[in-house]
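**Q**
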Amino acid sequence: MKRIRNYSSVWKIEHVIYNFNDLTLPRPVTLSQVFWFSAFFVLSLVLKGFPPFSLTDSLLVNHVALPFVLAWLAGKRGFDGKKPYSYLKSCIRFLTSPRIYTRGKPLDLSGRTYRDMYVTVGRDGGRKARRNARRNLKRAGRKKKERRQTDIGETDK
Numbered sequence: 020m021k022r023i024r025n026y027s028s029v030w031k032i033e034h035v036i037y038n039f040n041d042l043t044l045p046r047p048v049t050l051s052q053v054f055w056f057s058a059f060f061v062l063s064l065v066l067k068g069f070p071p072f073s074l075t076d077s078l079l080v081n082h083v084a085l086p087f088v089l090a091w092l093a094g095k096r097g098f099d100g101k102k103p104y105s106y107l108k109s110c111i112r113f114l115t116s117p118r119i120y121t122r123g124k125p126l127d128l129s130g131r132t133y134r135d136m137y138v139t140v141g142r143d144g145g146r147k148a149r150r151n152a153r154r155n156l157k158r159a160g161r162k163k164k165e166r167r168q169t170d171i172g173e174t175d176k
């Protein structure tokens, strides 16, 4: 079999800036850190009348130090190996998604009763309940098949 080369991992490398023209930076800065700093800097300019920006009169604290700290926190690896904003996004997605899935799709439980949704586990570890559930599914399948056959028979007449 012919081996196919894949260069997609090249684009996942974080680009690092070591200097601006002749000015060497004290430590390397990634492009994502520059993006977050500029985003928080613009946000600090827009929200300068609201706390925490209105609590101090220092421009250095409001427009340099605070965006720098927020950019450092946003670019840092946090929970579950994810960055904080990515972790927050996945938490929001979890809280807003359906609770019960089957094969990756939301499960519709609107026509079912409480007894259909849950299987009680007895002393046998639930073997009897699982066996009964399988029997009920087979019976329901047979009934559905019989209904289909009668419907087909009626349309042929």
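The working numbering puts the first residue of the sequence shown at 20, with every later residue one more than the last. Heads up, the beta-carbon is just placed ideally off N, CA and C, and yes, glycines get one too.
When you compare the CB positions of K102 and G94, do they come within less than 9 Å of one another, or not?
**A** Closer than 9 Å, so yes.
**Q** CA-CA distance, Y37 and F54?
**A** Their Cα atoms are separated by approximately 15 Å.
**Q** Where does F39 fall in DSSP's three states?
**A** Note: F39 maps to strand in three-state DSSP.
**Q** Tell me the residue span of the alpha helix (DSSP H) that contains P117.
**A** Per DSSP, P117 belongs to no alpha helix (DSSP H) and is neither H nor E.
**Q** Given this structure, state the Cα-to-Cα distance separating T43 from F113, to the nearest angstrom.
**A** One C-alpha to the other measures close to 43 Å.
**Q** Assuming A90 and Q52 form a contact by the criterion Cβ under 8 Å, report the distance between their Cβ atoms to the nearest whole angstrom.
**A** About 6 Å; that satisfies the 8 Å criterion.
**Q** Tell me whether F56 is buried or exposed, calling it buried when 16 or more other Cβ atoms sit within 10 Å of its Cβ.
**A** Buried.
**Q** Kindly indicate which three-state DSSP category L66 falls into: helix, strand or coil?
**A** In the structure shown, L66 sits in coil (DSSP, three-state: anything other than H, G, I, E or B).
**Q** Rounded to the nearest angstrom, how far is the Cβ of F72 from that of L78, given a contact under 8 Å?
**A** Wrong, their Cβ atoms sit about 10 Å apart, outside the cutoff.
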